[in-house]
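The structure appears below as structure tokens.
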């Protein structure tokens with residue numbers, strides 16, 4: 128599978144094979160070529176930096192960032208998102224080995240032949256699975272690999288990659304928008320309000336989340352299927368640009384796509400079947416690794432794990448070299464429980480006696496994974512697949528490096544999107560926006576408070592990309608405000624969740640940009656298609672939440 132489209136013009140050789148009119152169309156397209164994701168993110172970063180410099184002259188709440196901060200923010204953003212970026216590189220390497228075996232290409236051809244005429248069945252099924260995962264634990268970043276996989280299936284079936292991209296993005300997106308027990312959204316918000324002495328009704332939150340999720344699922348499914356059927360009738364009605372279609376044909380079409388399907392090239396060999404099974408197992412284990420099973424009372428994956436608390440007395444000299452003015456000593460010495468006359472420190476640490484039966488490979492039990500563990504898992508499985516496929520050392524290394532190289536551009540987008548949030552935090556602009564918004568909402572009725580609160584969270588979600596961070600920062604302000612106004616804190620939690628989920632469907636700082644690049648769908652192209660379902664979902668979400676606020 129080829130690398131993501133970075134926005135470069137097609138080759139002269141490719142243009143010579145086009146009809147004269149198509150060549151003229153291509154030249155016209157290049158004259159009005161849309162900005163790449165990299166450029167859009169860099170422009171926003173610079174704009175935010177300049178905005179802080181201007182606002183710092185008028186308000187002491189804003190600290191002007193330096194030019195060096197703006198210039199270095201993309202680099203710092205890459206470092207901040209290094210876990211996700213590294214995962215993408217290793218995933219790409221694993222994909223390179225699988226592609227070397229030819230398992231995915233042949234498997235896709237076999238699937239298309241099996242589903243011939245019924246490929247659209249995949250859309251509601253995949254969307255439903257992703258929606259459940261999104262609602263349960265915020266399944267979002269983990270969908271990135273599926274953009275390319277489903278894109279291949281849909282393209283060979285005669286559709287375009289906008290269909291596959293929308294299926295993946297809206298599937299997980301509507302789940303996050305209608306989160307029910309998502310620990311990173313609902314969980315953090317509820318816990319933050321609890322710390323403020325405000326208790327939430329979990330039944331109300333789950334019910335509202337389910338209603339929002341089902342509504343958003345139905346709306347998005349309607350728009351996706353309508354567009355897919357239009358493409359099925361007339362491929363020329365695709366919203367993709369000529370450049371994007373050329374990239375899709377190069378990487379997914381295999382110079383003929385469905386027309387070249389034969390029994391010979393769509394029959395899996397034994398090695399390819401085993402490779403696909405191992406690759407599917409890799410995904411299943413990864414997904415299970417991210418699900419917080421303990422939050423649901425499921426502890427089977429932690430069986431065998433044991434630990435004990437260890438207390439030790441350390442002299443001041445022993446910790447002095449690591450202190451360096453940092454009050455947080457937990458990372459090195461556990462929790463500091465007492466300090467005796469500044470000369471000794473008594474600490475407690477949790478010492479692991481034995482790992483769980485699922486933690487021996489990555490060091491963390493299934494359910495406690497993050498991207499470091501997922502990277503380790505994909506790296507191990509890449510080696511296993513290479514051995515099972517009997518690839519030589521040179522073939523395996525070349526395939527892994529080539530696959531990782533295809534992901535470099537995608538990994539960089541992850542870092543660039545983080546640079547915006549870093550500048551906002553550094554300048555205090557995020558806090559100013561949040562505080563100002565909370566003051567403007569005082570004294571409003573439920574019918575006015577709910578839509579305005581939704582808009583506030585919609586804007587904040589573009590700025591603060593971390594769901595848990597936004598919940599932690601905003602709930603101590605919005606929760607007490609709602610309580611003073613005698614509004615339901617449960618609905619306020621769902622306003623935050625729903626607005627944050629909608630922002631993840633269009634924000635340039637959201638995680639889906641790397642996925643769109645894998646599917647060769649430009650950000651501008653995606654917005655031209657998606658604005659209608661996004662607006663409909665947003666309006667209906669506000670209506671549902673407003674009615675809930677007026678009733679509860």
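Residue numbers (the working numbering): 128 to 679. Think of the CB as a built atom: it goes at the ideal place given N, C-alpha and C, for glycine as much as any other residue. The model shown is predicted, which means the values in this text are computed figures rather than measured ones.
Asked: How long is the line joining the alpha carbons of residue 153 and residue 611, rounded to whole angstroms?; Found: Only weak support exists for where residue 153 lies, its pLDDT of 43 falling under 50; the value from the coordinates is given anyway. Near 60 Å, if we compare the C-alpha coordinates of residue 611 and residue 153.
Asked: Mind reading off the beta-carbon distance from residue 406 to residue 230? Whole number of angstroms is fine, and I expect it under 8 Å.; Found: 7 Å
Asked: Cα separation between residue 557 and residue 581?; Found: 16 Å
Asked: Grab me the residues of residue 183's own chain with a C-beta within less than 8 Å of its C-beta, minus the 5 sequence neighbours each way, in chain order.; Found: 189, 190, 191, 554
Asked: What three-state label does DSSP hand residue 436 in the structure shown?; Found: strand
Asked: Using 8 Å as the threshold, is the region 361-370 in touch with the region 660-679, meaning 3 or more CB pairs across them?; Found: no
Asked: Please classify residue 569 as buried or exposed, where buried requires at least 16 other C-beta atoms within 10 Å of its C-beta.; Found: exposed
Asked: What did DSSP end up calling residue 155 once you bin it into helix, strand or coil?; Found: Unreliable positioning characterises residue 155 in this predicted model, as indicated by a pLDDT of 45, which lies under 50. A coordinate reading is not provided.
Asked: Alpha carbon to alpha carbon, what distance is there between residue 308 and residue 166?; Found: 36 Å
Asked: Reducing DSSP to helix, strand and coil, say where residue 140 ends up.; Found: Model confidence at residue 140 stands at a pLDDT of 34, short of 50, so the residue's coordinates are unreliable and nothing is read from them.
Asked: May I have the straight-line CA-CA distance separating residue 341 from residue 587, to the nearest angstrom?; Found: 25 Å
Asked: Just to confirm, are residue 316 and residue 677 a CB contact at a threshold of 8 Å?; Found: no
Asked: Short check: CB of residue 304 to CB of residue 337, under 8 Å?; Found: no
Asked: Report the residue from 646, 595, 286 whose alpha carbon sits nearest the alpha carbon of residue 358.; Found: 286
Asked: Taking all protein chains shown into account, do 16 or more other C-beta atoms lie within 10 angstroms of the C-beta of residue 437, making it buried, or fewer, making it exposed?; Found: exposed
Asked: Can you look up residue 306 in the DSSP assignment and give me helix, strand or coil?; Found: coil
Asked: Excluding the 5 residues flanking residue 503 on each side, which residues of the same chain have their C-beta closer than 6 Å to its C-beta?; Found: 489
Asked: Would you mind working out which of 647, 616, 652 sits nearest residue 324, comparing C-alpha positions?; Found: 616
Asked: Taking Cβ to Cβ, would you say residue 351 is nearer than 8 Å to residue 297?; Found: yes
Asked: Return helix, strand or coil for residue 481, following the three-state DSSP convention.; Found: strand
Asked: Rounded to whole angstroms, what's the CA-CA distance from residue 149 to residue 637? Just pull it up for me.; Found: With a pLDDT of only 43 at residue 149, under 50, the local geometry of the prediction cannot be trusted, and the value read off the model is given with reservation. The straight-line gap from Cα to Cα measures roughly 34 Å.
Asked: Residue range of the alpha helix (DSSP H) that residue 616 falls in?; Found: 616-630
Asked: Residue 598 and residue 220 look like a contact to me (Cβ under 8 Å); what is the Cβ gap, rounded to whole Å?; Found: About 34 Å; that fails the 8 Å criterion.
Asked: For the pair the region 248-265 and the region 210-224, tell me if three or more CB-CB distances fall below 8 Å.; Found: no
Asked: To the nearest angstrom, how far is the alpha carbon of residue 628 from that of residue 585?; Found: 9 Å
Asked: Return the first residue and the last residue of the alpha helix (DSSP H) that residue 591 is part of.; Found: Per DSSP, residue 591 belongs to no alpha helix (DSSP H) and is neither H nor E.
Asked: Measuring only the C-alpha atoms, how far is residue 566 from residue 559?; Found: 11 Å
Asked: Let's test the definition: count the other Cβ atoms within 10 Å of the Cβ of residue 128 and tell me whether it reaches 16, buried, or not, exposed.; Found: With a pLDDT of 38 at residue 128, under the threshold of 50, the modelled position of this residue cannot be trusted, and the question is left open.
Asked: Does the distance from the C-beta atom of residue 266 to that of residue 208 stay below 8 Å?; Found: no
Asked: What does a CB cutoff of less than 7 Å around residue 412 pick up in its chain, not counting 5 residues either side in sequence?; Found: 504
Asked: By the DSSP assignment, the alpha helix (DSSP H) with residue 679 in it spans what residues?; Found: No alpha helix (DSSP H) contains residue 679, which DSSP labels as neither H nor E.
Asked: Quick check on residue 487: does DSSP put it in helix, strand or coil?; Found: coil
Asked: Less than 8 Å between the beta carbons of residue 174 and residue 645, yes or no?; Found: no
Asked: For the candidate residues 498, 326, 494, 396, whose alpha-carbon lies nearest to that of residue 423?; Found: 494
Asked: Between which two residues does the alpha helix (DSSP H) harbouring residue 278 extend?; Found: 271-283
Asked: Given that a residue counts as buried once 16 or more other Cβ atoms are within 10 Å of its Cβ, and exposed if not, what is residue 200?; Found: buried
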